[in-house]
Structures are given as structure tokens and as C-alpha cells.
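Student: Here it is: the structure, laid out below.
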Amino acid sequence: MMAIGGAIGTGLFLGAGGRLNSAGPALAIVYAICGVFAFFVVRALGELVLHRPSSGAFVSYAREFLGEKGAFVAGWMYFLNWATTGIADITAIAIYAHYWSMFSDIPQWILALIMLAVVLTLNLVSVKIFGEMEFWFAIIKVGAVVVFMAIAIFLLVTGTPVDGHTPGPQLIADGGGIMPNGLLPLILVVQGVVFAYAAVELVGVTAGETAEPAKVMPKAINSIMWRIGVFYVGSVVLLSMLLPSDEYRAGESPFVTVLSSIGVPAAGDVMNLVVLTAALSSLNSGLYATGRILRSMAKTGSAPGFTGVMNKSQVPYGGILLTGGVCVLGVGLNYLVPASAFEIILNFSAVAIVATWGLIVICHLVFVKRSKAGLVERPGYRLPWTPVTQYVTLAFLASVLILMWLDEGAGRVTLLCLPLIAAALVVGWFASRRKREQLADVSTESE
Numbered sequence: 001m002m003a004i005g006g007a008i009g010t011g012l013f014l015g016a017g018g019r020l021n022s023a024g025p026a027l028a029i030v031y032a033i034c035g036v037f038a039f040f041v042v043r044a045l046g047e048l049v050l051h052r053p054s055s056g057a058f059v060s061y062a063r064e065f066l067g068e069k070g071a072f073v074a075g076w077m078y079f080l081n082w083a084t085t086g087i088a089d090i091t092a093i094a095i096y097a098h099y100w101s102m103f104s105d106i107p108q109w110i111l112a113l114i115m116l117a118v119v120l121t122l123n124l125v126s127v128k129i130f131g132e133m134e135f136w137f138a139i140i141k142v143g144a145v146v147v148f149m150a151i152a153i154f155l156l157v158t159g160t161p162v163d164g165h166t167p168g169p170q171l172i173a174d175g176g177g178i179m180p181n182g183l184l185p186l187i188l189v190v191q192g193v194v195f196a197y198a199a200v201e202l203v204g205v206t207a208g209e210t211a212e213p214a215k216v217m218p219k220a221i222n223s224i225m226w227r228i229g230v231f232y233v234g235s236v237v238l239l240s241m242l243l244p245s246d247e248y249r250a251g252e253s254p255f256v257t258v259l260s261s262i263g264v265p266a267a268g269d270v271m272n273l274v275v276l277t278a279a280l281s282s283l284n285s286g287l288y289a290t291g292r293i294l295r296s297m298a299k300t301g302s303a304p305g306f307t308g309v310m311n312k313s314q315v316p317y318g319g320i321l322l323t324g325g326v327c328v329l330g331v332g333l334n335y336l337v338p339a340s341a342f343e344i345i346l347n348f349s350a351v352a353i354v355a356t357w358g359l360i361v362i363c364h365l366v367f368v369k370r371s372k373a374g375l376v377e378r379p380g381y382r383l384p385w386t387p388v389t390q391y392v393t394l395a396f397l398a399s400v401l402i403l404m405w406l407d408e409g410a411g412r413v414t415l416l417c418l419p420l421i422a423a424a425l426v427v428g429w430f431a432s433r434r435k436r437e438q439l440a441d442v443s444t445e446s447e
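Per UniProt numbering, the sequence shown starts with residue 1, numbered consecutively.
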């Protein structure tokens with residue numbers, strides 16, 4: 001449930017509006033293609049979890065198959081992934097709040113700060129509160145998407161006008177076809193779609209803590225992927241047939257755009273509240289995930305010691321606070337450039353997601369090679385068609401970075417920052433070397 005909650009969030013409810021405007025109805029094809037590769041990544045991670053369940057998620061497998069340096073890079077890139085996603089979430093929450101006139105005069109950065117403080121506080125109280133929050137968040141989001149799709153199908157079947165337009169496939173043809181702006185805009189939205197699928201790997205973070213991972217994992221992965229595929233691809237197809245793609249815009253949820261145009265009182269307000277809840281859910285999931293990842297790294301000295309500390313409620317509050325601190329920097333971004341804050345941080349998050357998924361696939365490659373050498377045994381639930389699926393997935397992830405370079409705006413600037421990220425990882429590795437060696441010596445002596 002938490003993985004569904006984390007994955008169905010800001011990328012669909014906010015990001016789809018601007019991408020529909022620029023790429024047109026063919027956006028559904030991009031969602032389908034990216035969904036296939038997301039499935040390959042999660043299926044690979046699922047096989048690793050069944051090989052050896054671990055609450056340290058894929059960082060634990062990076063340590064096993066790529067060594068301590070691999071685990072160090074994997075952990076911090078995953079942290080960057082969720083920290084930047086958290087910034088995108090609080091930015092989205094502030095944008096959603098501005099939909100209502102009562103909040104329109106409040107600066108975006110203040111709204112972002114308030115919601116960060118609320119979710120951060122609740123995460124620090126107890127794991128039980130987190131679980132309850134995420135359970136209800138997921139139900140609200142999934143239920144809202146199902147209801148929206150039902151309403152959309154009703155509008156299509158009955159031909160009820162939406163903002164003066166008669167719904168149906170003819171809207172796609174009248175608006176210039178499935179690619180009204182050509183192929184290039186469609187290609188350039190790929191990194192945004194990858195961002196939308198982020199968090200599906202959360203199933204690996206939670207599966208290591210279940211009582212029966214061998215029973216839970218296959219069912220969880222299969223159900224998550226088909227549900228997300230239906231919700232994402234199905235929603236985009238329906239949105240394309242309800243309004244011309246140029247009616248949607250960045251800065252407003254396309255679901256809100258449709259429901260505020262059908263003449264039903266407060267329909268847009270209700271959906272805006274739902275999409276705000278979706279962003280809260282994603283932020284909630286991210287704080288949970290990074291807290292546990294950093295705790296795993298702190299045990300080996302790859303993260304500051306305070307990130308491994310648990311409170312009386314068994315919450316890794318040090319790691320959660322560190323993630324919250326990075327999100328505060330995002331509040332500053334909302335203060336400086338509120339209009340472009342979401343797109344800027346989306347690109348940084350996409351790079352971290354590509355790195356995270358790439359490392360998962362590389363770990364799986366090494367795992368399969370060891371199984372062929374007779375060193376480990378592969379479980380029955382496997383990534384199909386290896387090694388073809390592994391290499392094709394890595395090629396796809398590399399192509400995402402190339403496409404970001406073609407985007408001369410935030411995408412290229414983000415890639416130009418990669419040397420700074422690499423330098424920070426190198427400095428961090430050497431700065432924490434003594435601590436790692438001390439912990440390794442203690443572990444050896446205890447054995």
C-alpha cells in the first residue's frame with residue numbers, strides 16, 4: 001500500500017498537466033514505455049529481496065554485490081532522490097493551495113514550510129502514525145483516480161460537454177493529432193515521466209520488514225505495476241479525450257482542470273484537495289524511506305552517526321531530520337524562484353532516480369552472474385529474459401540523461417551539476433573512511 005501511495009503522487013496529479021500541453025495525447029505512450037522499464041527495475045529488486053530480505057533495501061544489495069563504495073553511492077543517491085522529491089512535493093502542495101482564494105495571497109514558500117513542518121512532525125512521533133497516514137492517503141488517492149476515471153467514462157459515453165467541448169476521440173484529431181507539437185516535445189518529457197514513476201522501488205524498502213517476503217513480494221510487485229499502469233496510462237488517455245491538450249497547463253492539476261469545467265459545484269475543489277493529499281503522501285513516504293536508508297548506512301559508517309539513532313518509538317529520527325533539513329532548502333527555492341521551482345527540482349530528482357534504478361539493475365546483473373557461477377541461487381520469482389532486459393533497461397536510463405542534455409533549460413543545467421555531486425560523493429567517502437574502518441574492526445572483533 002505504501003509503494004502505491006508513494007508512486008501515485010505529484011508526477012501524475014500535477015506534472016501531467018504541463019506535459020499534456022507540450023507533448024499532446026501521445027504522452028500516454030511515453031507513460032506506457034516508462035512503465036515497462038519501471039516494472040523491470042522493481043522486478044529485479046524483488047528478486048534481490050527474495051534472495052536475502054533486508055530492511056536496508058537495495059543499499060544492502062549494493063554493499064553485497066558492488067562493495068562498500070557501491071553502497072555509499074547508492075545510499076546517497078537514493079537520499080538525493082527522495083530529498084529532491086520531497087522538495088517537489090512541498091512545492092506542489094503550495095501550488096495546489098493557491099487554487100483557493102483564501103490562500104492565494106500567502107507566499108508559496110510559507111505554505112511549503114508549513115506543510116513540511118506538519119508532515120515531518122507526524123513522521124517523528126511513531127511508525128504507527130506514519131502507517132495510518134499512508135494507509136488513508138493511499139485509499140484517498142486510489143479512490144479519487146478510480147472515481148475520476150468513472151466520471152470521465154460517463155462523460156465520454158453520454159457526450160456531456162466539458163467547457164464547451166464534446167468529449168471523444170475527435171478532440172485528439174481536431175487538436176492536431178496525438179503529437180500536435182511534433183516528436184521533440186514528446187521526447188523531452190521523458191525525464192518528467194520517469195519522475196512520475198519514482199517510488200515504485202519502495203516495495204523493496206518495506207518488503208524486508210514483512211513476516212513473509214516470499215509470499216508478499218511477488219503479489220505486491222505484480223499488483224502495483226498493473227495498477228499504476230492503468231492509472232497513469234488510462235488517466236492520460238481519458239484526459240486527452242475530455243479536453244484539447246492545449247487546455248491543460250503547468251501549475252494546475254489536469255484532474256482539477258477537467259472537474260472545474262463540468263459545471264458540478266465544488267468538484268474542482270474536492271479534486272484539488274485530493275491531489276494535495278497525494279503530494280502529502282509522497283512526502284510522507286519519502287521521509288520514511290530515507291530515514292531507514294540512512295540508518296542502514298550509519299551502521300557501516302557511510303552516513304553520520306546521528307542518522308542511525310532511533311527514538312523510543314523506533315523512528316530513525318536523525319535521518320528523517322536530515323531529509324527535512326534538505327527540504328528546507330527547497331523552501332528557499334520557493335522563495336527565490338516560485339514559478340520555476342517545481343521544474344528545477346524535478347530534473348534533479350530525475351537524475352537521482354536514474355542513478356538509483358541503474359544501480360539496482362547493475363546489482364542484479366552481478367547477482368545473476370554469481371548465480372551462473374554457482375555462488376548464489378536465484379529464487380523462483382525472477383526478472384524475465386535476463387540479461388537482455390537488464391542491458392535494455394540500462395540503455396533506456398542512459399537515454400534519459402541524453403534527453404535531459406537536449407533540453408537546453410533546467411535539464412542541461414542539472415547535468416552540468418553532476419560533477420559537483422560526484423565531487424561531494426568523493427569528499428564524503430574519504431571523510432567517512434576512518435569511521436567505516438573503526439566499525440569494520442569492531443565487527444571483525446565481535447565475530
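All residues carry an ideal CB built from backbone N, CA and C; glycine is no exception. No experiment lies behind these values; they were computed from the predicted model shown.
Compute the Euclidean distance between the alpha carbons of Ala-373 and Val-366, then round it to the nearest angstrom.
Tutor: 11 Å
Student: With DSSP as the reference, label Val-190 as helix, strand or coil.
Tutor: In the structure shown, Val-190 sits in a helix (DSSP, three-state: H, G or I).
Student: Is the beta carbon of Val-119 sitting closer than 8 Å to the one on Leu-283?
Tutor: yes
Student: Count the other C-beta atoms from every protein chain shown that fall within 10 angstroms of the C-beta of Val-125, then say buried if there are 16 or more, exposed otherwise.
Tutor: exposed
Student: Are Leu-170 and Pro-338 closer than 8 Å when you measure CB to CB?
Tutor: The question names Leu, but residue 170 is Gln in the sequence shown. For Gln-170 and Pro-338, no; Cβs fall outside 8 Å.
Student: Bridge partners of His-51, per DSSP?
Tutor: For His-51, which the question treats as bridged, DSSP gives no partner whatsoever.
Student: Tell me the residue span of the alpha helix (DSSP H) that contains Val-274.
Tutor: 267–298
Student: If I'm right that residue 476 touches Ala-26 with Cβ under 8 Å, what's the distance once you round it to whole angstroms?
Tutor: Nothing about residue 476 can be read from this structure; the chain reaches only from 1 to 447.
Student: Give the range of the alpha helix (DSSP H) segment to which Ser-253 is assigned.
Tutor: First-last for Ser-253: undefined, no H or E at that position.
Student: So, helix, strand or coil for Val-361, using DSSP?
Tutor: helix
Student: DSSP three-state label for Val-337, please.
Tutor: coil
Student: With the cut-off set at 8 Å, would you say Val-142 and Ile-293 are in Cβ contact?
Tutor: Contact flag unset, no.
Student: If you run the structure through DSSP and keep just helix, strand and coil, what is Ser-446?
Tutor: Only weak support exists for where Ser-446 lies, its pLDDT of 45 falling under 50; the value from the coordinates is given anyway. In this structure, Ser-446 counts as helix in the three-state DSSP scheme.
Student: May I have a chain-ordered list of the alpha helix (DSSP H) segments no shorter than 4 residues that lie completely inside the stretch 114–167?
Tutor: Qualifying alpha helix (DSSP H) stretches, in chain order: 127–158.
Student: Could you say if the stretch 78–86 and the stretch 375–382 meet the contact criterion of at least three C-beta pairs nearer than 8 Å?
Tutor: no
Student: Can you list, in chain order, the residues of its chain whose CB lies under 7 Å from that of Ser-446, leaving out five sequence neighbours each side?
Tutor: Confidence is the limiting factor: at Ser-446 the pLDDT is only 45, short of 50, which leaves the residue's position unreliable, though a coordinate-based value still follows. Closer than 7 Å at Cβ, skipping near neighbours: no residue.
Student: Under 8 Å, do Leu-50 and Met-271 count as touching if we go by C-beta distance?
Tutor: The beta carbons of Leu-50 and Met-271 sit no closer together than 8 Å.
Student: What's the gap between the Cα of Ala-395 and the Cα of Tyr-232?
Tutor: 23 Å
Student: Between the Cα of Ile-114 and those of Cys-327, Thr-307, Asn-21, spot the shortest distance and give me the residue it belongs to.
Tutor: Cys-327
Student: Roughly how far, in whole angstroms, is the beta-carbon of Leu-202 from the beta-carbon of Ser-285, given that I think they are within contact range, below 8 Å?
Tutor: Yes, Leu-202 and Ser-285 are in contact; Cβ-Cβ is about 6 Å, under 8 Å.
Student: State the DSSP-derived secondary structure class of Phe-103, mapped to helix, strand or coil.
Tutor: coil
Student: For a quick check, are the C-beta atoms of Val-309 and Tyr-31 less than 8 Å apart?
Tutor: no
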